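Chemist: Residue numbers (the numbering used here), protein chains in the order written: chain L, 108 to 277; chain X, 108 to 277; chain V, 108 to 277; chain E, 108 to 277. Okay, handing you the structure first.
There are 4 protein chains.
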Amino acid sequence: MSEMLMAPDWQASRWFNTQTPLNLAQLRGRVILLHAFQMLCSGCVSHAIPQAERVHREYAGDGVVVIGLHTVFEHHTAMMPVALEAFLHEYRITHPVGVDVAAAGDPIPATMRLYGMRGTPTLILIDRTGKLRLHEFGRMDDMKLGMRLGQLLAEEAEVVAGQGRRIERR
Amino acid sequence: MSEMLMAPDWQASRWFNTQTPLNLAQLRGRVILLHAFQMLCSGCVSHAIPQAERVHREYAGDGVVVIGLHTVFEHHTAMMPVALEAFLHEYRITHPVGVDVAAAGDPIPATMRLYGMRGTPTLILIDRTGKLRLHEFGRMDDMKLGMRLGQLLAEEAEVVAGQGRRIERR
Amino acid sequence: MSEMLMAPDWQASRWFNTQTPLNLAQLRGRVILLHAFQMLCSGCVSHAIPQAERVHREYAGDGVVVIGLHTVFEHHTAMMPVALEAFLHEYRITHPVGVDVAAAGDPIPATMRLYGMRGTPTLILIDRTGKLRLHEFGRMDDMKLGMRLGQLLAEEAEVVAGQGRRIERR
Amino acid sequence: MSEMLMAPDWQASRWFNTQTPLNLAQLRGRVILLHAFQMLCSGCVSHAIPQAERVHREYAGDGVVVIGLHTVFEHHTAMMPVALEAFLHEYRITHPVGVDVAAAGDPIPATMRLYGMRGTPTLILIDRTGKLRLHEFGRMDDMKLGMRLGQLLAEEAEVVAGQGRRIERR
């Protein structure tokens with residue numbers, strides 16, 4: 108999937124850590140970090156999930172929205188929502204997490220299929236205008252992620268500057 | 108529990124990574140590392156379980172037997188044996204793991220209760236004569252664990268030396 | 108020192124890893140990461156120097172110029188240029204490093220004094236127009252550094268966009 | 108060099124962190140960890156030296172004597188005793204460190220030559236009777252080092268047990 112197409116919306120059958128379901132339209136104007144994971148995927152647990160949680164805790168105030176998506180495509184009976192809920196509690200995850208919608212007769216859930224994800228963890232960045240700007244499978248290091256987020260966040264300053272105003276961020 | 112009493116036997120309703128159930132009597136003469144964990148305990152997943160697996164892979168040939176015990180005392184529905192099985196597969200755990208026996212009307216399983224464990228992870232070392240030599244709750248660092256294992260392993264040399272023979276180990 | 112002033116030029120009595128001395132004027136248009144260190148400062152050796160080297164290796168092609176400055180303010184006899192040269196060789200440092208100019212009768216070298224640095228490591232970011240945008244003493248984590256670099260790098264796109272052209276970077 | 112020969116004595120032209128020079132004879136009955144390093148060897152600085160310091164701080168009370176030996180075989184002018192002294196101060200090294208004696212016309216110092224060391228870091232373990240029990244070049248992990256130290260420390264219990272007394276250690 109090209110990285111400059113409009114990002115398709117995700118589908119979630121259930122949400123944790125948010126009062127209301129989240130969708131792309133309501134987040135327009137923000138930079139979105141969407142990370143797809145499975146609670147029994149060791150690379151997700153050791154790296155991708157804590158990294159996403161950290162972005163949520165440190166950069167939510169700068170305009171980054173972090174969303175987890177539980178894309179179970181194997182060991183389905185071991186990763187039911189009741190297990191996910193215990194997992195999120197034990198790992199102290201505070202950012203919103205949706206459960207990717209199961210598709211009839213397909214082990215791969217709907218959003219995972221829609222985005223063409225290759226596995227977990229997958230990291231997706233969507234810019235302030237809703238365009239897909241990064242889609243990466245596997246571990247992403249902190250510096251590279253920071254670099255990409257910094258670039259996407261700066262795009263607001265650009266637009267705002269064109270309107271005669273500039274916002275500096277630390 | 109004093110650290111020089113005989114270790115009580117564990118009780119497991121099911122085993123993974125072993126053809127036959129394991130018990131203390133059949134392991135007499137070996138140094139036993141028994142680690143109690145829960146698959147959704149983050150300190151277990153990040154440290155205690157990989158540490159135990161490493162001891163198994165590197166020191167089984169020196170006479171250390173590593174046994175995991177899944178002592179579920181919370182989130183029971185999230186950590187059923189089917190979930191544990193997926194977990195062991197995903198985390199590539201190859202050492203034997205038993206499921207601590209549930210006790211009727213008690214959230215704490217039988218062996219956990221019997222040993223008076225305070226939580227997970229708990230690390231227990233049993234010497235070649237079946238005595239309990241270490242019982243520690245929480246994270247144990249590699250050097251300290253190596254030191255204790257080295258001391259317990261050396262006790263064989265001691266006995267054997269008394270019989271006029273000495274074994275050198277790497 | 109305010110973070111929006113023009114950055115003053117550094118002074119170096121000697122350079123390593125560059126054919127010609129470097130100065131601010133010739134780097135206008137690039138984002139500059141200037142890191143002040145001492146070869147016997149443990150926080151520099153374990154974190155700041157390898158972090159800077161990594162930015163050099165991975166982001167030089169994106170327009171970041173990394174410059175080390177050896178700001179010796181203690182143990183002067185132990186950190187002479189001959190020792191620094193051996194250090195740079197042993198630690199495989201490939202980015203340009205200047206030796207901050209000693210000031211007569213002052214243990215603190217000239218650039219360190221000029222910038223008002225509090226110690227080592229100190230990290231300084233200078234934007235494409237020569238303005239000082241970050242001045243931080245101590246350890247900076249990778250994600251935060253990436254974020255700041257990403258923002259500064261994006262400022263080129265902003266200017267160029269105003270000229271009717273846009274550059275996308277990976 | 109076989110690992111069961113008597114360890115030869117080291118030669119030091121100068122000592123740090125000890126009032127009096129140390130030699131093997133006076134340490135008989137203790138387990139000795141001798142680590143050879145260079146202050147500009149990155150593997151020494153990041154791993155071997157802090158590991159040795161940690162053994163010193165945590166296990167000196169159990170009968171382990173930790174000794175560093177500065178075996179400079181390259182960049183001699185960069186690693187003079189004045190530089191070593193600053194290094195030990197900056198890295199908060201508290202265990203005794205000797206400077207290996209320079210040999211006329213040989214870049215390799217005397218003890219390094221005598222022990223046939225291949226480079227730095229080198230780790231040597233000497234048992235309570237003065238025998239060389241381990242001689243390893245390169246990085247040694249904490250668990251393996253703990254294991255070897257535990258075995259050597261246990262040999263005291265063995266001897267003492269033969270005299271009708273037993274000492275338990277934590």
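Virtual Cβ for every residue (Gly too), placed ideally from N, Cα, C. This structure is a prediction, so every number in the text was calculated from the model and none was measured.
Short of 8 Å in beta carbon distance, which residues of its chain neighbour Y135(L), apart from the five on each side in sequence? Order them along the chain.
Modeler: It is Arg, not Tyr, that sits at residue 135(L) in the sequence shown. The answer, listed in chain order, is R235, T236, G237.
Chemist: Can you tell me whether S147(X) is buried or exposed? The criterion is at least 16 other CB atoms within 10 Å of its CB, across all chains shown.
Modeler: The amino acid occupying residue 147(X) in the given sequence is Leu; Ser does not appear at that position. With 16 or more Cβ atoms within 10 Å of its Cβ, L147(X) is classed as buried.
Chemist: When DSSP labels each residue in this structure, what does A193(X) get in the three-state scheme?
Modeler: Helix.
Chemist: Reducing DSSP to helix, strand and coil, say where M113(L) ends up.
Modeler: Strand, per DSSP.
Chemist: Candidates D169(L), E160(L), L259(L), R220(L): which alpha carbon is nearest N124(L)'s?
Modeler: For N124(L), the nearest C-alpha among the options comes from E160(L).
Chemist: Residues of chain L with CB closer than 7 Å to the CB of R255(V), please, in chain order.
Modeler: In chain order: G257.
Chemist: Helix, strand or coil, according to DSSP, for E265(V) in the structure here?
Modeler: At E265(V), the pLDDT of 49 sits below 50, so the modelled position is not reliable and the matter cannot be decided from this model.
Chemist: For C151(L), which residues from the same chain have a beta carbon less than 7 Å from its beta carbon, with the 5 sequence-adjacent residues on both sides left out?
Modeler: Taken in chain order, the residues that qualify are F144, Q145, T227, P228.
Chemist: What residue range does the alpha helix (DSSP H) around V162(V) cover?
Modeler: Here the alpha helix (DSSP H) through V162(V) covers 156-166.
Chemist: State yes or no: is the beta carbon of D249(V) nearer than 8 Å to at least one beta carbon in chain L?
Modeler: True, the Cβ-Cβ gap to chain L drops below 8 Å.
Chemist: Relative to the C-alpha of H242(V), which candidate in D249(V), W117(V), G223(V) has its C-alpha closest?
Modeler: Of the candidates D249(V), W117(V), G223(V), the one whose C-alpha sits nearest the C-alpha of H242(V) is G223(V).
Chemist: Report the start-end ranges of each beta strand (DSSP E) in the stretch 171-237 of chain V that is 3 residues or longer and not cut off at the edges.
Modeler: Taking only runs of at least 3 residues, the beta strand (DSSP E) segments lying wholly in the stretch 171-237 of chain V are 171-177, 204-207, 229-233.
Chemist: Judging by CA-CA distance, which residue of I200(E), R199(E), P216(E), T201(E) is the nearest neighbour of D207(E)?
Modeler: With distances taken between Cα atoms, D207(E) lies closest to P216(E).
Chemist: Could you work out which residue in A209(X), A132(X), M113(X), I156(X) is closest to P98(X) when comparing CA atoms only?
Modeler: Missing from the structure shown is residue 98(X); chain X here goes from 108 to 277 and no further.
Chemist: Assuming P188(X) contacts R121(X) under a Cβ cut-off of 8 Å, what Cβ separation, rounded to an integer in Å, is found between them?
Modeler: Right, the Cβ-Cβ distance comes to about 6 Å (below 8 Å), so this counts as a contact.
Chemist: So which residues of chain L does L332(V) contact, with C-beta pairs closer than 7 Å?
Modeler: No answer is possible for residue 332(V): it lies beyond the span of chain V, which begins at 108 and ends at 277.
Chemist: Less than 8 Å separating the beta-carbons of L230(L) and M247(L)?
Modeler: Yes, Cβ-Cβ distance for L230(L) and M247(L) is below 8 Å.
Chemist: Skipping 5 residues on each side, what residues in its chain have a beta carbon closer than 8 Å to that of M186(X)?
Modeler: Excluding residues within five positions, the ones whose Cβ falls inside 8 Å are Q145, M146, L147, H177, V179.
Chemist: From the DSSP output, which residues share a beta bridge with A119(V)?
Modeler: Paired residue(s): D207(V).
Chemist: From the beta carbon of E197(V), is the nearest beta carbon of chain L less than 8 Å away?
Modeler: Output row for E197(V): interface = no.
Chemist: On the three-state DSSP scale, how would you describe R255(L)?
Modeler: Helix at R255(L).
Chemist: In the DSSP output, which residue or residues are listed as bridge partners for V138(X)?
Modeler: V171(X), per the DSSP bridge assignment.
Chemist: Would you say S120(L) reaches chain X, if we count a Cβ-Cβ gap shorter than 8 Å as a contact?
Modeler: So, not an interface residue.
Chemist: Taking any Cβ of chain X, which residues in the stretch 135-153 of chain L have a Cβ under 7 Å from it, in chain order?
Modeler: Cβ contacts with chain X come from L147, C148, S149, V152, S153.
Chemist: In whole angstroms, what is the alpha-carbon distance linking G168(E) and A261(E)?
Modeler: Taking the straight line from one Cα to the other gives about 14 Å.
Chemist: Just to confirm, are L239(X) and A114(X) a CB contact at a threshold of 8 Å?
Modeler: In this structure, A114(X) lies closer than 8 Å to L239(X) by Cβ.
Chemist: So with Cβ pairs under 8 Å, would you call A132(E) a contact of chain X?
Modeler: With 8 Å as the cut-off, A132(E) does not count as an interface residue toward chain X.
Chemist: Can you tell me the Cβ-Cβ gap for G253(E) and G245(X), rounded? I've got them flagged as a contact below 8 Å.
Modeler: In fact, because the Cβ distance is near 18 Å, the residues do not count as touching under 8 Å.
Chemist: Quick one: list the residues of chain V neighbouring F194(E), beta-carbon separation under 9 Å, in chain order.
Modeler: Simply L147, H182, A185.
Chemist: Could you give the distance in angstroms between the alpha-carbon of L221(E) and the alpha-carbon of M219(V)?
Modeler: Spanning the two alpha carbons is a distance of roughly 46 Å.
Chemist: On the DSSP bridge assignment, give the partners of A143(E) in chain order.
Modeler: DSSP output for A143(E) lists L176(E), T229(E) as bridge partner(s).
Chemist: CB-CB under 8 Å to E278(L), same chain, minus the five flanking residues each way: which ones, in chain order?
Modeler: Here chain L comprises residues numbered 108 to 277, so residue 278(L) is not present and cannot be evaluated.
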